[in-house]
Every structure is written in C-alpha cells, then in structure tokens.
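Note that the UniProt record's numbering gives residue 135 to position 135 of the sequence shown, counting from 1, and the numbers run on in steps of one. For each residue, glycine too, the CB sits at the ideal point set by N, CA and C. Keep in mind that this is a model prediction, so the values were computed, not measured. A short worksheet on the structure shown next.
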Amino acid sequence: MIKSLKRLVNGEKGSERTKEELLEVIKSVPLPEHVAIITDGNGRWAKMRGLPRTAGHAQGMKRVREIIRAADSLGIKVLTFYSFSTENWKRPKDEVEYLMKLPIEFLKTDLQELMKRNVKVQMLGEKSKTPSATQQALIEFEEKTKENTGLILNFAINYGSRDEILHAIRQIIEDVQNGDIDKEQVNEQLMGQYLLTKGLPDPDLVIRTSGEIRVSNFLLWQLAYSELWFTDVLWPDFTDEIFYLAIEDFQRRSRRFGAV
Ligand code: IPE
Ligand code: IPE
Ligand code: MG
C-alpha cells in the first residue's frame with residue numbers, strides 16, 4: 001500500500017492507494033524522459049545505526065539496483081546517478097577505496113541482468129583518475145552494453161560540472177583556433193555537443209535525497225530547466241514507491257520554459 005510521502009518519511013501508518021494504482025496513474029501521463037538523481041545521505045543513514053559509513057554505501061547500492069529496475073520497467077529513456085563527485089576525493093582514504101570498489105562489485109552482480117534488460121551503461125566523468133581495477137570495470141560496463149538499445153543508464157563517477165564546462169570551453173577554443181568551427185557557430189546547441197552528456201536530453205527531473213537543498217556541482221548547464229525534487233529521505237531508504245511519487249509530482253507541474 002502507498003502512503004503519502006509525508007507518511008512514508010514520518011513512518012506514519014495509513015495508506016491511500018496501492019502501488020499498482022499509483023503506477024497506473026503515472027503511466028497514463030507522459031513520463032520524464034531523463035531522470036537524474038543525487039543519491040545523498042548514505043553516511044548519515046549508517047551513522048544513525050551505529051554502522052560505518054561504508055554500510056550506508058552498501059545499502060545505497062541496493063537502492064540503485066531497485067531504482068534501475070523501476071525506471072526500466074516504466075520505460076524511462078535515460079536514468080543518471082551522481083555516484084562520486086570530483087570533490088568526493090577529499091573523503092577519508094578508506095571510504096574512497098570502498099566507493100571505488102563498488103563498480104567492480106556491481107559489474108559482477110548486475111551485468112547479466114542489465115544485459116537482459118537491454119540497458120546501455122555509460123560513465124560521465126574522468127575514468128582515468130580512478131584506480132585501475134575500477135577503471136577496468138567502468139570500461140567493461142560500457143563496452144559490454146554499448147550495443148544495447150534500452151534504458152540509457154549513466155553513472156557520474158569522478159564527475160564535476162565545472163570541470164565538464166571548462167573542458168568543453170577549452171575544446172571549443174581549440175577547434176576555433178584550428179579552424180574546425182567558426183566563432184559564430186558557438187551557441188547552446190554546439191556547447192551541448194562538447195559536454196559529457198552529448199546526445200542525451202537534458203534531465204527533466206532531478207531528485208536529491210537527504211534533505212540537502214543544493215546541486216553540489218551536478219549538471220549545471222543541463223539542469224537549466226529541470227524540475228527539482230527534494231526529499232528528506234536518505235538514499236538507503238529511497239524505495240521505488242518514493243520514486244513513483246516523485247514522478248507523479250513532476251507530472252503535476254507546469255513547465256513553461258519562460259513562455260506563458
Ligand atoms: C552519498 O552519500 C554518496 C556519495 C556522495 C558517494 P554520502 O556519503 O554523501 O552521505 P552523507 O551525506 O554523508 O550522509
Ligand atoms: C553529492 O553529495 C555528490 C554525490 C551524491 C555523489 P555530497 O555529499 O558529496 O555533497 P555535499 O558535500 O553535501 O554538497
Ligand atoms: Mg552527502
């Protein structure tokens with residue numbers, strides 16, 4: 001049974017609709033094409049339970065799997081997870097090492113299912129700065145799934161939006177200097193071609209968990225007109241039900257893109 005989000009968060013009893021009823025509602029209205037998620041709150045979830053922060057990341061990984069399944073079953077086209085930022089290297093060595101092992105683990109446990117689901121996995125971020133075993137796993141994910149034509153699943157790992165934008169600017173300057181493009185051709189569309197999200201639609205819906213109301217260097221260019229959805233729920237507690245509620249909320253919004 002589905003509780004309202006407030007009830008879910010507060011753990012109150014009571015239900016209004018079954019999950020199936022909620023699914024029927026969201027399937028009857030156009031879905032967001034691209035959903036991007038800032039999966040925050042793993043550390044606090046663990047701390048509340050007297051566990052090491054890594055236990056929060058392990059539980060968070062399970063939620064990633066659950067939301068991939070939910071998004072794929074719904075028929076969402078693009079799903080992006082912000083998994084590790086360029087700033088997250090500042091964390092304790094043990095935690096960083098643990099986080100860098102997760103993709104290797106995930107490859108072992110989930111590649112088969114992702115292949116079956118026809119999911120195409122892509123990485124956003126500088127892979128070469130990650131440990132070599134991690135890098136290998138990331139490359140293997142991309143290689144093995146590159147012909148898949150279903151859900152596009154992006155993991156932003158060692159991703160920073162300012163880095164991405166600076167890199168694009170440098171590349172554009174170089175191409176102008178080489179005469180490959182003309183200065184006059186530099187517009188929003190061209191800029192999009194130089195970003196890591198090249199070829200992908202901008203996120204329609206950006207979800208952030210854990211009660212933080214900020215974007216933390218995530219897709220700054222791309223989220224110009226995204227609908228933002230924040231919840232106090234910590235990522236390891238984020239269920240498919242909450243995902244559906246976020247989508248339902250998105251579907252009720254009026255997107256004007258500056259028009260009337
Ligand atoms: C999100 O959870 C995962 C990563 C940033 C890698 P956190 O680890 O940031 O959890 P909190 O915010 O400290 O609770
Ligand atoms: C954002 O979470 C990055 C990821 C979820 C990977 P952080 O926990 O790093 O963000 P801040 O430090 O609270 O802004
Ligand atoms: Mg955090």
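W229: first and last residue of the uninterrupted alpha helix (DSSP H) it sits in: Taking the first residue of the sequence shown as position 1, residue 229 is located at position 229. From DSSP, W229 is part of no alpha helix (DSSP H) but of the beta strand (DSSP E) over 227-230.
What does the alpha-carbon distance come out to for the pair N154 and F250? Residue numbering aside, residue 154 sits at position 154 when the sequence shown is read from its first letter. Residue numbering aside, residue 250 sits at position 250 when the sequence shown is read from its first letter. Inter-residue distance for N154 and F250 is about 21 Å (C-alpha atoms, whole angstroms).
Name all residues in chain order for which at least one heavy atom of ligand 1 lies closer than 5 Å to the residue's CB. My final list is D40, G41, N42, G43, R44.
For L196 and F218, I'd like the C-alpha separation in whole angstroms. Against the sequence shown, residue 196 aligns to sequence position 196. Against the sequence shown, residue 218 aligns to sequence position 218. If you draw a straight line from the Cα of L196 to the Cα of F218, it is about 12 Å long.
Give a yes or no on whether the C-beta atoms belonging to P203 and R63 are separated by under 8 Å. Taking the first residue of the sequence shown as position 1, residue 203 is located at position 203. Taking the first residue of the sequence shown as position 1, residue 63 is located at position 63. It is not a contact, given that the beta carbons lie outside the stated cut-off.
On the DSSP bridge list, what partners appear for S85? As a first step, residue 85 is located in the sequence shown; it is residue number 85 there, counting from the start. DSSP output for S85 lists Y159 as bridge partner(s).
Just how far apart, CA to CA, sit V260 and Q177? For the purposes of this step, residue 260 is taken as the residue at position 260 of the sequence shown. For the purposes of this step, residue 177 is taken as the residue at position 177 of the sequence shown. Counting only the Cα atoms, Q177 lies some 41 Å from V260.
Is any non-hydrogen atom of ligand 2 found closer than 7 Å to the C-beta of Y98, if you look at the structure I gave you? As a first step, residue 98 must be located in the sequence shown, where it is residue number 98. Result no, Cβ not under 7 Å from ligand 2.
Might you give, ordered along the chain, the residues of its own chain that have their beta carbon closer than 6 Å to the beta carbon of K144, omitting 5 neighbours on each side? The count along the sequence shown starts at 1 and reaches residue 144 at position 144. Excluding sequence positions up to five before and after K144, its CB lies less than 6 Å from no other CB in the same chain.
Which whole runs of the alpha helix (DSSP H) in the stretch 230-257 are 4 residues long or more, in chain order? Correct list: 240-252.
Runs of beta strand (DSSP E) lying entirely within the stretch 172-207, each at least 3 residues, in chain order: Runs of the beta strand (DSSP E) inside the stretch 172-207: none found.
Less than 8 Å separating the beta-carbons of G60 and N88? Within the sequence shown, residue 60 is the residue found at index 60, counting from 1. Within the sequence shown, residue 88 is the residue found at index 88, counting from 1. Taking the C-beta atoms as reference points, N88 is found no nearer than 8 Å to G60.
Which residue marks the beginning of the beta strand (DSSP E) containing I104, and which one marks its end? As a first step, residue 104 must be located in the sequence shown, where it is residue number 104. I104 -> not in any beta strand (DSSP E); alpha helix (DSSP H) instead, spanning 93-116.
Quick one: what's M123 bridged to in DSSP? Stepping through the sequence shown from its first residue, residue 123 is reached at position 123. DSSP lists F155 as partners of M123.
Is R214 near ligand 2, with its Cβ less than 7 Å from a heavy atom? Along the sequence shown, read from residue 1 onward, the residue named residue 214 stands at position 214. True, at least one ligand heavy atom lies under 7 Å from that Cβ.
Under a three-way DSSP split, which group does I37 fall into? One-based indexing of the sequence shown puts residue 37 at position 37. Three-state DSSP puts I37 in a strand.
Looking at C-beta atoms only, is the number of pairs between the stretch 16-30 and the stretch 183-191 that lie closer than 8 Å three or more? The stretch 16-30 is not in contact with the stretch 183-191.
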